[in-house]
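Undergrad: Protein chains in written order, with our numbering: chain D, 84 to 292; chain Z, 84 to 292; chain G, 84 to 292; chain Y, 84 to 292. In this text, a Cβ means the ideal position worked out from N, Cα and C, and glycines have one as well. Just so you know, these numbers come straight off a predicted model, no measurement behind them.
Number of protein chains: 4
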Amino acid sequence: MFEEFVNDEEELTEKQKKIIAAAIESFSEKGFAATSTSEIAKKAGVAEGTIFRHYKTKKELLLSIVAPMMAKLVAPLVIKDLNKVLNQDYERFEDFIKAMIENRIKFLKNNMQLFRILIQEIPFHPELKEQFTEHIAVKIFDRLRQIIEHYQAKGQIIKMPPDTVIRVTLSTMLGYLISRYLLLPEAEWDDEAEIERTVQFLMKGLSPE
Amino acid sequence: MFEEFVNDEEELTEKQKKIIAAAIESFSEKGFAATSTSEIAKKAGVAEGTIFRHYKTKKELLLSIVAPMMAKLVAPLVIKDLNKVLNQDYERFEDFIKAMIENRIKFLKNNMQLFRILIQEIPFHPELKEQFTEHIAVKIFDRLRQIIEHYQAKGQIIKMPPDTVIRVTLSTMLGYLISRYLLLPEAEWDDEAEIERTVQFLMKGLSPE
Amino acid sequence: MFEEFVNDEEELTEKQKKIIAAAIESFSEKGFAATSTSEIAKKAGVAEGTIFRHYKTKKELLLSIVAPMMAKLVAPLVIKDLNKVLNQDYERFEDFIKAMIENRIKFLKNNMQLFRILIQEIPFHPELKEQFTEHIAVKIFDRLRQIIEHYQAKGQIIKMPPDTVIRVTLSTMLGYLISRYLLLPEAEWDDEAEIERTVQFLMKGLSPE
Amino acid sequence: MFEEFVNDEEELTEKQKKIIAAAIESFSEKGFAATSTSEIAKKAGVAEGTIFRHYKTKKELLLSIVAPMMAKLVAPLVIKDLNKVLNQDYERFEDFIKAMIENRIKFLKNNMQLFRILIQEIPFHPELKEQFTEHIAVKIFDRLRQIIEHYQAKGQIIKMPPDTVIRVTLSTMLGYLISRYLLLPEAEWDDEAEIERTVQFLMKGLSPE
DNA sequence: CATGAATGAGCGTTCATTCAT
DNA sequence: GATGAATGAACGCTCATTCAT
C-alpha cells in the first residue's frame, strides 16, 4: 500500500537533470539565498546561461524543485478511494498510523535533501508557504480530519479536536526525522526501536480514556 | 519558579540597540543571507559604517543576537539546585512538565522573532549548530536526563530511554509553537485549551504502563 | 642582434586590451593602491564587472601586467647561445655594452609606463619582489656574471667582483633612464650625446689598470 | 666636516612623536596609500581623532615627515661658505667625493625608512616632486655644479657637462644604497670594500683623459 | 588637548540576468 | 539549444574625516 506512482524528471533534458541535481545539493547545504547560480552552473557542468534558458529566474528553479517535492510528500493521502483502503487494510488506527509513518519516514529519508530545502526555505518565500498551506492545510488536512474522525467514531482514538490530533502526530513524526537526520545524524540511532517507541508513545498519547 | 533574571542590552548605546532591533526584524522576516547591512542601517536610522563600528562583520551581528537567545532559552534548566526545586515544588512529573512548558512557551511567545531567527539560521551556520549542540545537547541534555530518570525512578514516567522521552517532549512542545506562531498564526486558536490538550497528550503518552 | 620576438596581447579580447591599457595608464600615474577599479572600468569603457570576469582580483590584474614586462625586460639575456653571439658580434666589451644598453634603453623608452609601474610597485608587493629576484637575480645575474668574467678573462675589464661590475653598470644605466624619463622629462636632453657620455664614463670606470 | 646641526622633533608633544614614528614605520612598509590612519593611531597608541588634531589631513602627515627628510638630505651642501671648506679640507676631488659619499651613506643608512618613503612616494605626489626639484634641482644642483666646475678647473675631473657628472655620481651612489639596503639587504655585503670599489669606479670614470 | 563614536562616500567584489554568437 | 562574455546594481566592508564630549 501507499506506493507511489509519481514520475517526474521524465521530460527533462540531460543538462536540466544535472542542473536540478546541482541545485538540490547546493540549496540544501547552503540555502537558497547563499547559493549562486554560477556555482550551480559549475557544479552541473553547464554554462551559466543554460540555467536561465530553462528557468526564467533563480527562484523559478527553486520552485521547480520544491513544488513536486511537496506534491510527493502528501501523495499517499491523495489516493482516490482512501476510505476503501482504510476499511480493507487498516481496521485499527495503530496499523494505519504505523504504515503511514513508516512509509513517509522511508520517503523522507530517501529525499532528505529535498525535505531539508523544503523546511529551510518555506519561512522565506511567501509563495512556498502559500502553496504549502493550500496543498497541505486545505487538501490534506481535510483528508486527515476525515481519517481521524473515522477512527474516533470507531472509538480507537481519544475524542480530541482532529486538528490537534493531526498536529501532535505530525510533530512527533517530524520531530523524530529532524532529530535523526538533521540535528544529530552522527549520534548512534537504533532506528527500528526508535520508531517503534515513537509510535508507541503516539498511540498511548492518543488512546481513548 | 523559573523566572528569569537575565539582563542584557544594558551596556548598549542607543544606536546599538536600534541596530539590534532592526537586525532582528529583518533577519526574522527575510533571513540572514537575504538581509543587507544597508537595509539594517536604514531601518535603524544610522549610517552603514556605524554597524561595522560595533560589529566587525555582518555575521558577528547575527551571533551577538542569537547567542544570548540560546542562553536564555535554556536558562531555567541551569538553575544551580534544580533538584531541590523538583523535590519541593514538583513532586509530580505532570506538575513539573506543565510548569516548564508553560514557562518556556511564554518565553518563546515573547521572543518569537528571536526564536524564528534561531531555528531559521541554525541549518546554515556551523558555528551556531556547534554552539547549539554544545549548550543544549551536552549541558542541558544531561540535566534533562537526570530529571527524567528522577521521575522514572519515582515510577511516574514510562521506562523508555530518557533521550527518547526528551525528544518526544520537545517535539510536542516545539511542534505546538511552530504551528501556532509560525505556520498558522492567523488561524483561530484557543491557546489555553490547546496547551492543556497538548500536555495531556504528552502525559498520557509518557505515563507508565 | 637582440631583437625581440615576443608576442603578447594576441589572445586578448578587445575589451581585455582596453582594460589592460586603462590599467597601465592609471597604475603608472597614480600607483596601484590609489587606482580604483571603477576608474579603470570607466577609462576602458567597460562595466566594472567585466574586469573581474577576466581578472579574479585587482592584484591579479596588476600581475598580469607586470609579469610579462619583467620577462621582456631580461629577454635579450635569455638567448640560448649568447656566448656565440658574444664571440662573433662583440669581441670588445665596449661594443657589447653599447649594444646592450642602447637596446634596453630603447625598449624601456618604448615601455616607460610599464617600467614605471614595475619600479613603483615592487616595494609594496612581496610576490613581485620575489618574482623579480627569482628572474633577475638568479637567472640573469648568473648570465651577466659569465659575461663579465668572459671579458675580464680577455683583459678588457677591471678585475673587480662581477657582482659589483653588474651593479655599477645597471645603476649607471637605470640612473640615466630614471633621470631622463621620470624625474626630469621636461628638461632639455641631447639624448645621443648623453648616452654616449654615459657609456664613456662606464667604460673608463671599468677599464683595467 | 659635514656634521649636521639639524634639530627637529623639538616642539613635538609626546603623542605627536609617537604618531610620527608609527606613520614612518607603516608608510615605509606598505606605502602611503595602503596605510590607514586608524592603523597609525593604533600603532601610536592614540585615538584616531588625535592624528587629525595635529595634521589636518593624512597627506599633511606625510609631508610633515618627508619635507624635513629632504632638507636634511641636502643639508651638507647648504653650508654657507662651502668653498672655504673645499679649499681648506679637500684639495683633491677624490677626498671631497669620498667624504661626501661616506657622510651621506651613513646618513641614509641611519634613516633608511625615511629614505624609503621619500623614493617610494615621490612618484605619486606632485607636491613632493615639486618640492624635490625645487630644493634639489635648483638649490643643490647649482651648488654641485659650482663644485664640479671648481674641480674641473683644477684639472681633476673630466671635461664633461657638470649635470652629467652629477647624474652619474648620484646614480652610482644611490644605486649602491638601493641595492644594499632595499633590494638585497639579506645578501652578504663587505660594505667597506664595496664602498671603496664604488668610489674607485666613480673616480676612474670621471678622471680626466 | 584628547577622545572615539559617527559618518557616508567609495572600495573591491559578486550577483542574477541578458543576449549575440 | 547552449554558450559565456558582458552588464550594472548591490553587496559587505573600510576609509579619512568630523565633532560633541
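Which residues in chain Y sit within 7 Å of Q203/G, going by Cβ to Cβ distance?
TA: Position 120 of the third sequence, counting from 1, holds the residue named residue 203/G. In chain order: P206.
Undergrad: Put T216/Z into one of helix, strand or coil per three-state DSSP.
TA: Within the second sequence, residue 216/Z is the residue found at index 133, counting from 1. Helix at T216/Z.
Undergrad: Exposed or buried, what is V161/Z when buried is set at 16 or more other beta-carbons lying within 10 Å of its beta-carbon?
TA: As a working note, residue 161/Z is residue 78 in the second sequence. V161/Z is exposed by the Cβ-count criterion.
Undergrad: Could you give the distance in angstroms between the alpha-carbon of F179/D and the alpha-carbon of V157/Z?
TA: The residue labelled residue 179/D in the question sits at position 96 within the first sequence. The residue labelled residue 157/Z in the question sits at position 74 within the second sequence. Distance between the alpha carbons of F179/D and V157/Z is about 37 Å.
Undergrad: Give the straight-line distance between the Cα atoms of F88/D and K167/D, rounded to the nearest whole angstrom.
TA: As a working note, residue 88/D is residue 5 in the first sequence. As a working note, residue 167/D is residue 84 in the first sequence. A caution first: F88/D carries a pLDDT of 49, below 50, which makes its placement in the model too unreliable to give a value.
Undergrad: Considering just the uninterrupted stretch of the alpha helix (DSSP H) at I271/G, what are its terminal residues?
TA: In the third sequence, the residue the question calls residue 271/G occupies position 188. It should be noted that the sequence gives Glu, not Ile, for residue 271/G. That residue, E271/G, is in no alpha helix (DSSP H); it is neither H nor E in DSSP.
Undergrad: Count the other CB atoms, across all protein chains shown, that sit within 10 Å of the CB of R199/G; report buried if there are 16 or more and exposed otherwise.
TA: Residue numbering aside, residue 199/G sits at position 116 when the third sequence is read from its first letter. Buried, because 16 or more other Cβ atoms sit within 10 Å of the Cβ of R199/G.
Undergrad: Any beta carbon from chain Y within less than 8 Å of R280/G's own beta carbon?
TA: Within the third sequence, numbered from 1, the residue matching residue 280/G stands at position 197. Yes - at least one Cβ of chain Y is within 8 Å of the one on R280/G.
Undergrad: Taking the alpha helix (DSSP H) that M183/Y belongs to, which residues open and close that run?
TA: For the purposes of this step, residue 183/Y is taken as the residue at position 100 of the fourth sequence. Residues 176-193.
Undergrad: With a Cβ-Cβ cutoff of 8 Å, do V248/G and I231/G count as a contact?
TA: For this step, residue 248/G is matched to residue 165 along the third sequence. For this step, residue 231/G is matched to residue 148 along the third sequence. The criterion of a C-beta distance shorter than 8 Å is satisfied by V248/G and I231/G.
Undergrad: By how many angstroms is the C-alpha of L144/G removed from the C-alpha of D274/Y?
TA: Here residue 274/Y refers to the residue found at position 191 of the fourth sequence. Here residue 144/G refers to the residue found at position 61 of the third sequence. Approximately 39 Å, taken between the alpha carbons.
Undergrad: If you compare alpha carbons, which of Q229/Z, K192/Z, G128/Z is closest to I261/Z?
TA: Working through the second sequence from its first residue, we reach residue 261/Z at position 178. The shortest Cα separation from I261/Z among Q229/Z, K192/Z, G128/Z belongs to K192/Z.
Undergrad: Would you call the stretch 226-242 of chain Y and the stretch 228-242 of chain G touching, i.e. three or more CB-CB distances under 8 Å?
TA: no
Undergrad: Can you name, in chain order, every residue of its own chain whose Cβ lies under 8 Å from the Cβ of G238/G, other than the five neighbours on each side?
TA: The count along the third sequence starts at 1 and reaches residue 238/G at position 155. P291, listed in sequence order.
Undergrad: Please identify, using Cβ separations under 9 Å, the residues of the stretch 211-245 of chain G that lie next to chain Y, in order along the chain.
TA: Among the residues of the stretch 211-245 of chain G, those with a Cβ less than 9 Å away from any Cβ of chain Y are K212, F215, T216, A220, I241, M243, P244, in the order of the chain.
Undergrad: Using a threshold of 8 Å, state whether the C-beta atoms of S254/Z and S254/D are closer than that.
TA: As a working mapping, residue 254/Z is identified with position 171 in the second sequence. As a working mapping, residue 254/D is identified with position 171 in the first sequence. Yes.
Undergrad: Start and end of the alpha helix (DSSP H) containing T252/Y?
TA: Residue numbering aside, residue 252/Y sits at position 169 when the fourth sequence is read from its first letter. First-last of the alpha helix (DSSP H) with T252/Y: 245-260.
Undergrad: Note the first and the last residue of the continuous alpha helix (DSSP H) segment covering A117/G.
TA: Translated into positions along the third sequence, residue 117/G becomes position 34. Segment: none, A117/G is in no alpha helix (DSSP H) and carries neither H nor E.
Undergrad: Determine, for A158/D, whether the minimum Cβ-Cβ distance to residues of chain Z falls below 8 Å.
TA: Walking along the first sequence from the start, residue 158/D turns up at place 75. It does not: the Cβ of A158/D has no partner Cβ on chain Z nearer than 8 Å.
Undergrad: Would you decide whether T252/Z is buried or exposed? Buried here means 16 or more other CB atoms lie within 10 Å of its CB.
TA: The count along the second sequence starts at 1 and reaches residue 252/Z at position 169. Label assigned to T252/Z: buried.
Undergrad: Below 8 Å, can you find three or more Cβ-Cβ pairs linking the stretch 122-132 of chain G to the stretch 174-189 of chain G?
TA: no
Undergrad: Examine chain Z for any beta-carbon lying closer than 8 Å to the beta-carbon of R136/D, and answer yes or no.
TA: For the purposes of this step, residue 136/D is taken as the residue at position 53 of the first sequence. No, its Cβ sits nowhere closer than 8 Å to a Cβ of chain Z.
Undergrad: What does a CB cutoff of less than 8 Å around K189/G pick up in its chain, not counting 5 residues either side in sequence?
TA: The residue you call residue 189/G lines up with position 106 of the third sequence. The answer is none, since no qualifying residue turns up.
Undergrad: For K287/G, would you say it is in contact with chain Y, using Cβ-to-Cβ distances shorter than 8 Å as the test?
TA: Against the third sequence, residue 287/G aligns to sequence position 204. So yes, K287/G belongs to the interface.
Undergrad: Going along chain G in order, which residues have a C-beta closer than 9 Å to the C-beta of L253/Y?
TA: Here the question's residue 253/Y lines up with position 170 in the fourth sequence. Chain G residues near L253/Y: G258, S262.
Undergrad: Buried or exposed: Q203/D, going by 16 or more other Cβ atoms within 10 Å of its Cβ?
TA: Residue mapping note: residue 203/D aligns to position 120 of the first sequence, counting from 1. Buried, since its Cβ has 16 or more Cβ neighbours within 10 Å.
Undergrad: Can you tell me whether A270/G is buried or exposed? The criterion is at least 16 other CB atoms within 10 Å of its CB, across all chains shown.
TA: Locating residue 270/G in the third sequence gives position 187, counting from the first residue. By the neighbour-count rule (16 or more Cβ atoms within 10 Å), A270/G is not buried but exposed.
Undergrad: Could I get the ranges of all uninterrupted beta strand (DSSP E) runs contained in the stretch 92-166 of chain Y, with 3 residues as the minimum, in chain order?
TA: none
Undergrad: Thinking C-beta only, is H137/Z closer than 8 Å to I107/Z?
TA: In the second sequence, counting from the first residue as 1, residue 107/Z sits at position 24. In the second sequence, counting from the first residue as 1, residue 137/Z sits at position 54. No.
Undergrad: In this structure, how does DSSP classify E210/Y when only helix, strand and coil are distinguished?
TA: By one-based count along the fourth sequence, residue 210/Y stands at place 127. Residue state, collapsed to three classes: helix.
Undergrad: Between the Cα of K242/D and those of L289/Z, T96/Z, F284/Z, L169/Z, spot the shortest distance and give me the residue it belongs to.
TA: On the first sequence, position 159 is the one that residue 242/D refers to. Among L289/Z, T96/Z, F284/Z, L169/Z, the Cα nearest to that of K242/D is on F284/Z.
Undergrad: Going along the chain, which residues of the stretch 109-138 of chain D sit with their C-beta nearer than 7 Å to a C-beta in chain Z?
TA: K113, G114, A116, A117
Undergrad: Going by other Cβ atoms of all chains shown within 10 Å of its Cβ, with 16 needed for buried, is V149/D buried or exposed?
TA: For the purposes of this step, residue 149/D is taken as the residue at position 66 of the first sequence. Buried: at least 16 other Cβ atoms inside 10 Å.
Undergrad: Under the assumption that L289/Z contacts I219/Z (Cβ atoms under 8 Å), give the Cβ distance between them as a whole number of angstroms.
TA: The count along the second sequence starts at 1 and reaches residue 289/Z at position 206. The count along the second sequence starts at 1 and reaches residue 219/Z at position 136. In fact, because the Cβ distance is near 20 Å, the residues do not count as touching under 8 Å.
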